[in-house]
């Protein structure tokens, strides 16, 4: 169930990556659930904001500042979303290792100052994609990328440490995400922006089958997981696989610009992992959460956001 509730006592939650693609979307859900939010950003905002949110300018690699923050806030919950995310570089970058170290320090500082529950952003990249259908308790974690290795290793270590300390831990294994503020190099954003500009969207054959979820639903699912008693790995996905070409064609129809879609013009047309999608039984039955957006509605909302964003950009010139 998606219903939010105020519990009277305001639990404190530290949110890392709070200005990121997913992180910014979690704040309204946390506010509706009555959390006292302490949002971390590496730049910009500081101090009290609208609602029950306080912004802290903190570099997660400044270990002493992170330790001080945890001592000052003494939060009950941690929603750790921050990570290295440079499109085209994330999957293999050595920076992933640095983020493992910073994350372990954050977790330890949080627990040493009374932390009771941690939810970390995991990834479908932790799974062995040769299986296609990914189930938390059955599909092996055998990552193909360095990013996946780092995420899987971090989650395993933190889960063991939390068990030792009597702290609740869950990892939201996020699948494929689209929506406002998505990097322009990623599929949905690339297609929408190209078609709005009447430019060719050059793609692979796009016959791969994937599992996409709107970013607001990803955020809502992570917050629901944080507020629940569920522990361990939980897939954050729709559970409804779709052929990428079908999704791209949908965008083409909605923008009346199918002639600007060019399949087979980009990348290797031999995909070693033609099918990757999630079992979402833990999310729907144990966490009690279901998506708000259908793919059709989510694409409409995303197109509207890009149109509005384009107007704002043009008005700034």
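In the numbering used here, the protein residues as written are 3 to 319.
From the three backbone atoms N, C-alpha and C, an ideal C-beta is built for every residue, glycine too.
### Message
For residue 96, tell me which candidate among 38, 149, 11, 292 has the shortest Cα-Cα distance.
### Response
The count along the chain shown starts at 1 and reaches residue 96 at position 94. Of the candidates 38, 149, 11, 292, the one whose C-alpha sits nearest the C-alpha of residue 96 is 149.
### Task
Round the Cβ separation of residue 126 and residue 278 to the nearest angstrom and send it over; I've been treating them as touching at under 8 Å.
In the chain shown, counting from the first residue as 1, residue 126 sits at position 124. In the chain shown, counting from the first residue as 1, residue 278 sits at position 276. That belief holds up - the Cβ atoms of residue 126 and residue 278 are roughly 7 Å apart, short of 8 Å.
#### Entry: Straight-line gap, residue 80 to residue 260 (C-alpha atoms, nearest Å)
Residue mapping note: residue 80 aligns to position 78 of the chain shown, counting from 1. Residue mapping note: residue 260 aligns to position 258 of the chain shown, counting from 1. When rounded, the distance between both Cα atoms is 44 Å.
### Query
Taking the alpha-carbon positions, what's the residue 153 to residue 124 distance?
Residue mapping note: residue 153 aligns to position 151 of the chain shown, counting from 1. Residue mapping note: residue 124 aligns to position 122 of the chain shown, counting from 1. Rounded to the nearest angstrom, the two C-alpha atoms are 6 Å apart.
### Task
Determine the extent of the beta strand (DSSP E) in which residue 82 is found, giving its start and end residues.
The residue labelled residue 82 in the question sits at position 80 within the chain shown. Taken as a continuous stretch (DSSP letters only), the beta strand (DSSP E) holding residue 82 covers 79-82.
### Message
Taking 7 Å as the limit between beta carbons, can you name the residues of its chain near residue 208, skipping five residues before and five after?
### Response
The residue given as residue 208 occupies position 206 in the chain shown. These residues qualify, in order along the chain: 246, 247, 250, 265.
### Message
In the DSSP assignment, the beta strand (DSSP E) including residue 1 goes from what residue to what residue?
### Response
The structure shown does not extend to residue 1, since the chain is modelled only from 3 to 319, so the question has no answer here.
### Message
Suppose only complete runs of 3+ residues qualify. What are the beta strand (DSSP E) ranges in the segment 47-131, listed by chain order?
### Response
55-59, 79-82, 119-125
#### Entry: Backbone CA spacing between residue 158 and residue 253 [nearest angstrom]
As a working note, residue 158 is residue 156 in the chain shown. As a working note, residue 253 is residue 251 in the chain shown. Near 39 Å, if we compare the C-alpha coordinates of residue 253 and residue 158.
### Message
For residue 271, count the other beta carbons within 10 Å of its own beta carbon; 16 or more makes it buried, fewer makes it exposed. Which is it?
### Response
Within the chain shown, the letter at position 269 stands for residue 271. Unreliable placement is indicated for residue 271, whose pLDDT of 49 sits below 50; no coordinate value is reported for it.
### Task
Give the secondary structure of residue 196 by DSSP, where H, G and I count as helix, E and B as strand, and everything else as coil.
By one-based count along the chain shown, residue 196 stands at place 194. In this structure, residue 196 counts as helix in the three-state DSSP scheme.
### Message
DSSP three-state label for residue 175, please.
### Response
Position 173 of the chain shown, counting from 1, holds the residue named residue 175. If DSSP states are grouped into helix, strand and coil, residue 175 belongs with the strands.
#### Entry: Residue of 223, 299, 70, 184 minimising C-alpha distance to residue 31
Taking the first residue of the chain shown as 1, we reach residue 31 at position 29. Answer by Cα proximity: 223.
### Query
At what residues does the beta strand (DSSP E) containing residue 215 begin and finish?
The count along the chain shown starts at 1 and reaches residue 215 at position 213. Looking at the DSSP string, the run of the beta strand (DSSP E) that includes residue 215 is 214-216.
#### Entry: Contact under 8 Å by Cβ, residue 281 with residue 240
Mapped onto the chain shown, residue 281 falls at position 279. Mapped onto the chain shown, residue 240 falls at position 238. No; because the gap between Cβ atoms is not below 8 Å, this pair is not in contact.
### Message
Looking only at its chain, what residues have a beta carbon closer than 6 Å to the beta carbon of residue 321, apart from the 5 residues adjacent to it on each side?
### Response
No answer is possible for residue 321: the residues shown for the chain start at 3 and end at 319.
### Message
Going by beta-carbon coordinates alone, are residue 104 and residue 62 separated by less than 8 Å?
### Response
For the purposes of this step, residue 104 is identified with residue 102 of the chain shown, where counting begins at 1. For the purposes of this step, residue 62 is identified with residue 60 of the chain shown, where counting begins at 1. Closer than 8 Å, so yes.
### Message
Quick check on residue 185: buried or exposed, where buried means 16 or more other Cβ atoms within 10 Å of its Cβ?
### Response
Your numbering for residue 185 matches position 183 in the chain shown. The residue in question, residue 185, is exposed, as its Cβ has fewer than 16 Cβ neighbours within 10 Å.
### Close Cβ partners of residue 307 (< 6 Å) along its chain, the five nearest in sequence each way excluded
Walking along the chain shown from the start, residue 307 turns up at place 305. Answer for residue 307: 182, listed in chain order.
### Task
Measure the C-alpha to C-alpha separation of residue 155 and residue 291 and round it to an integer number of angstroms.
Within the chain shown, the letter at position 153 stands for residue 155. Within the chain shown, the letter at position 289 stands for residue 291. Approximately 27 Å, taken between the alpha carbons.
### Query
For residue 122, is the classification buried or exposed, using 16 other Cβ atoms within 10 angstroms of its Cβ as the cut-off for buried?
Numbered from its first residue, the chain shown carries residue 122 at position 120. Flag for residue 122 reads buried.
### Query
Any idea what DSSP makes of residue 16, helix, strand or coil?
Counted from its first residue, the chain shown places residue 16 at position 14. Three-state DSSP puts residue 16 in a strand.
### Neighbour-count burial assignment, residue 119, 16 or more Cβ in a 10 Å radius
Looking up residue 119 in the chain shown gives position 117. Looking at its Cβ environment, which holds 16 or more other Cβ atoms inside 10 Å, residue 119 is buried.
### residue 269 versus residue 188 - alpha carbon distance
On the chain shown, residue 269 is found 267 positions in, with the first residue counted as 1. On the chain shown, residue 188 is found 186 positions in, with the first residue counted as 1. Taking the straight line joining both Cα atoms gives about 14 Å.
### Task
Taking only the alpha-carbon atoms, compute the straight-line gap between residue 197 and residue 275 and give it to the nearest angstrom.
Within the chain shown, numbered from 1, the residue matching residue 197 stands at position 195. Within the chain shown, numbered from 1, the residue matching residue 275 stands at position 273. One C-alpha to the other measures close to 27 Å.
### Query
Going by the beta-carbon positions, is the gap between residue 304 and residue 194 smaller than 8 Å?
Translated into positions along the chain shown, residue 304 becomes position 302. Translated into positions along the chain shown, residue 194 becomes position 192. Closer than 8 Å, so yes.
### Query
Which residues in the same chain as residue 210 place their Cβ atom closer than 7 Å to its Cβ, once the five residues preceding and following it in sequence are excluded?
Looking up residue 210 in the chain shown gives position 208. So the qualifying residues of the chain are 246, 273, 276.
### Task
With DSSP as the reference, label residue 24 as helix, strand or coil.
What you label residue 24 is simply residue 22 of the chain shown in a count that begins at 1. Residue 24: coil per DSSP, three-state reduction.
### Query
Any idea if residue 284 is buried or exposed, counting beta-carbon neighbours within 10 angstroms, 16 or more meaning buried?
Locating residue 284 in the chain shown gives position 282, counting from the first residue. Buried: at least 16 other Cβ atoms inside 10 Å.
### Task
Under the assumption that residue 54 contacts residue 33 (Cβ atoms under 8 Å), give the Cβ distance between them as a whole number of angstroms.
Start at 1 with the first residue of the chain shown, and residue 54 comes out as number 52. Start at 1 with the first residue of the chain shown, and residue 33 comes out as number 31. 6 Å between Cβ atoms; contact.
### Task
Determine the burial state of residue 75: buried for a count of at least 16 other Cβ atoms within 10 Å of its Cβ, exposed for fewer.
What you label residue 75 is simply residue 73 of the chain shown in a count that begins at 1. It counts as buried.
### Task
Report yes if the C-beta distance between residue 219 and residue 141 is below 8 Å; otherwise report no.
Position 217 of the chain shown, counting from 1, holds the residue named residue 219. Position 139 of the chain shown, counting from 1, holds the residue named residue 141. Contact flag unset, no.
### Query
With distances taken from CA atoms, which of 191, 267, 86, 243 is nearest residue 22?
The residue given as residue 22 occupies position 20 in the chain shown. Comparing Cα positions, the closest option is 86.
### Query
CA-CA distance, residue 43 and residue 66?
The residue given as residue 43 occupies position 41 in the chain shown. The residue given as residue 66 occupies position 64 in the chain shown. Each residue's Cα considered, the two are about 16 Å apart.
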